[in-house]
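All remarks here apply to the structure that follows.
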Amino acid sequence: MNQLIEVTFAVAALAGSGVLFAGLKVRGSSVLLHHATHGLGFANKRLNRLAGEWAGIVTLSGAGFDEYRRVHNRHHAHASFAQRGLDEEAEGLFELGFQPGRSQGALWRTFWLTQVNPVWHAQQSWARLRSNFFEGPLLRRVAAWAVWGGAGATATAAGWLPGLLGGVVAPLLLVGNLASYWELTSRHIWMVTSEHEGHARQLDLSHGRLMAPMPPVRWGLKSTCNFIASVAAKAVARWAVLPADLAFHFAHHAGWDRRPYGAPPAWADAALAYSDRLRAHPEIATQIYTSLRAAIGTWFARLEKEAPVSAGARLG
Amino acid sequence: MKTRHNKPDAIAIRQALKELRFAPQRFWTWLTGIALPEEMGRQPWTPAQHHALQMGVAMLAAGLGMWSAQTLYLLAPVPVLVF
Chain B
89 MNQLIEVTFA
99 VAALAGSGVL
109 FAGLKVRGSS
119 VLLHHATHGL
129 GFANKRLNRL
139 AGEWAGIVTL
149 SGAGFDEYRR
159 VHNRHHAHAS
169 FAQRGLDEEA
179 EGLFELGFQP
189 GRSQGALWRT
199 FWLTQVNPVW
209 HAQQSWARLR
219 SNFFEGPLLR
229 RVAAWAVWGG
239 AGATATAAGW
249 LPGLLGGVVA
259 PLLLVGNLAS
269 YWELTSRHIW
279 MVTSEHEGHA
289 RQLDLSHGRL
299 MAPMPPVRWG
309 LKSTCNFIAS
319 VAAKAVARWA
329 VLPADLAFHF
339 AHHAGWDRRP
349 YGAPPAWADA
359 ALAYSDRLRA
369 HPEIATQIYT
379 SLRAAIGTWF
389 ARLEKEAPVS
399 AGARLG
Chain Y
-19 MKTRHNKPDA
-9 IAIRQALKEL
1 RFAPQRFWTW
11 LTGIALPEEM
21 GRQPWTPAQH
31 HALQMGVAML
41 AAGLGMWSAQ
51 TLYLLAPVPV
61 LVF
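Heads up: the protein sequence lines correspond to chains B and Y, in order. For the first sequence, the tail end lands on 404 under my numbering, and the numbers increase by one without skipping. For the second sequence, the tail end lands on 63 under my numbering, and the numbers increase by one without skipping.
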């Protein structure tokens, strides 16, 4: 009986650490390293870079500071899922099967099957390890070996090496792959073109990101339990994969958070109303409290008007 | 706009959560990512605070993962014995 309790606690601890690792990966790569490459971290440039590299190394990010900035600048310049060859983030999703013209069902199958594909996990994990330990500037590689080698040496001396590999490195890689994938497939919902019902599809895929548990009409035992479970599930998702939520990314791509060398008002886990610049847009400011979909629709229209995708770059 | 789900808009859900008093409104705002119109803007964290949180969570996650692995490794022979 005691062993059963111990195993139960161990499984719960592993699940809890998985949730924390997922949030760490997304924060490390998509928030801290990302902000640093935009110069939005610390005022001191060297400290800003150091902090960005550190966040990437600790979470085994798939790119160092320089590589992240190179790829990400292209992403900002050509941020549409329909532009192959220009935005490498979009290219990756395209190769996975997120392509215009496919049916809704086919896209959902691709979405779920990718996550349980061991080959995809192995490729992602190896790319992340390679990026940290075998590629990039020499100093960064040395730092990565020092951080993780030091952790390994300490764990070996304490007899915890299996724990480090099975309880830290493996979950950080596996859960980190998933968390980054969920974030990437739902973050740019306003950036797809309207062709092939692109907006509806992307909004559909982002539904979990927008939705929160609806309080029941009657608080019976079953409905109360359902509500508590759904709040817990959403809280886990909110922590693990949605730290930089829609409004932030919305404002980020519009260039509204580019306050040089300082914490912008919408740092990291911005809620919609925390973005003053977003509120300042006259149409969105009124729609944002009545219908999020309408607000996003307005944004779609504005983006397509301001930066139409060239016909040559479109797919479909 | 057609979507696969026929659920209420996120704004409507946030308004419904406003009636629930057993948790602070800040929690519901964090959960939904949507603040109420009358809600005050939040003081943003500094980068140093975000990095400190990141390191704290990293230590906690590593501790939990390593502790659980020490126990769960003992179960590794079980599938072999069963099959």
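From the three backbone atoms N, C-alpha and C, an ideal C-beta is built for every residue, glycine too.
Boundaries of the alpha helix (DSSP H) harbouring proline 206 of chain B: 206 to 221, taken from the DSSP string. In the three-state DSSP reduction, asparagine 314 of chain B falls in the helix class (H, G or I). A Cβ-Cβ contact shorter than 8 Å links alanine 151 of chain B with serine 219 of chain B. From the beta-carbon of alanine 49 of chain Y, the residues of chain B found nearer than 7 Å are Pro250, Gly251, Gly254 and Gly255. Here proline 370 of chain B is exposed, its C-beta having fewer than 16 other C-beta atoms within 10 Å. Interface annotation for the segment 27 to 50 of chain Y against chain B: Pro27, His30, His31, Gln34, Val37, Ala38, Leu40, Ala41, Ala42, Leu44, Gly45, Met46, Trp47, Ser48, Ala49 and Gln50, criterion Cβ-Cβ distance under 7 Å. Lysine -2 of chain Y: not part of any alpha helix (DSSP H); DSSP gives it neither H nor E. In the three-state scheme derived from DSSP, where H, G and I count as helix and E and B as strand, glutamate 18 of chain Y is classed as coil.
Counting only runs that start and end inside the segment 241 to 269 of chain B, the alpha helix (DSSP H) elements of at least 4 residues fall at 249 to 252. In this model, alanine 243 of chain B and tyrosine 53 of chain Y are separated by some 16 Å (Cα to Cα). For asparagine 136 of chain B, the enclosing alpha helix (DSSP H) begins and ends at 133 to 146. Residue-level contact check: proline 259 of chain B touches chain Y, since one or more beta carbons of chain Y fall below 8 Å from its beta carbon. Residues of chain Y whose Cβ lies closer than 8 Å to the Cβ of leucine 102 of chain B are, in chain order, Leu44, Gly45, Ser48, Ala49 and Leu52. Excluding sequence positions up to five before and after asparagine 136 of chain B, its CB lies within less than 6 Å of the CB of Ala124, Gly129 and Phe130, all in the same chain and listed in chain order. With at least 16 other beta carbons inside 10 angstroms of its own, glutamine 34 of chain Y counts as buried. Arginine 115 of chain B carries a helical assignment under DSSP once its states are collapsed to helix, strand and coil. Straight-line spacing of the CA atoms in glutamine 187 of chain B and glutamate 177 of chain B works out to 13 Å. Listed along chain Y, the residues sitting closer than 7 Å to glycine 129 of chain B by beta-carbon distance are Pro27. The Cβ atoms of lysine -2 of chain Y and leucine 16 of chain Y lie closer than 8 Å to each other.
Check the Cα spacing between proline 259 of chain B and each of B:Arg326, B:Val305 and B:Leu112: the tightest is with B:Leu112. In the three-state reduction of the DSSP assignment, glutamine 91 of chain B falls in the helix class, which pools H, G and I. Alanine 239 of chain B and leucine 252 of chain B do touch by the CB rule: their CB atoms are close to 6 Å apart, below 8 Å.
Chain-ordered, the chain Y residues with CB closer than 9 Å to the CB of leucine 120 of chain B read Pro27, His30, His31 and Gln34.
Against chain Y, the CB of serine 105 of chain B has a partner CB under 8 Å away; the residue lies at that interface.
Our two residues, serine 149 of chain B and leucine 309 of chain B, have alpha carbons roughly 44 Å apart in a direct line.
About 3 Å separates the CB atoms of glycine 255 of chain B and glycine 45 of chain Y; that is less than 8 Å, so the two are in contact.
Not flagged as an interface residue toward chain Y: phenylalanine 153 of chain B, since no C-beta distance is shorter than 8 Å. In the three-state scheme derived from DSSP, where H, G and I count as helix and E and B as strand, leucine 128 of chain B is classed as coil. In the three-state reduction of the DSSP assignment, tryptophan 25 of chain Y falls in the coil class. Counting along the chain, the unbroken alpha helix (DSSP H) around tryptophan 8 of chain Y starts and ends at 5 to 12. Rounded to whole angstroms, arginine 306 of chain B and alanine 41 of chain Y show a C-alpha spacing of 38 Å. Between glycine 224 of chain B and alanine 110 of chain B, the CB-CB gap reaches or exceeds 8 Å. Neighbours of phenylalanine 109 of chain B in chain Y, taken as residues whose beta carbon is under 8 Å from its own, are Ala41 and Gly45 in chain order. Judged by DSSP in its simplified three-state form, tryptophan 307 of chain B adopts coil rather than helix or strand. Using a Cβ-Cβ cut-off of 8 Å, glycine 116 of chain B counts as an interface residue toward chain Y, since at least one Cβ of chain Y sits closer than that to its own.
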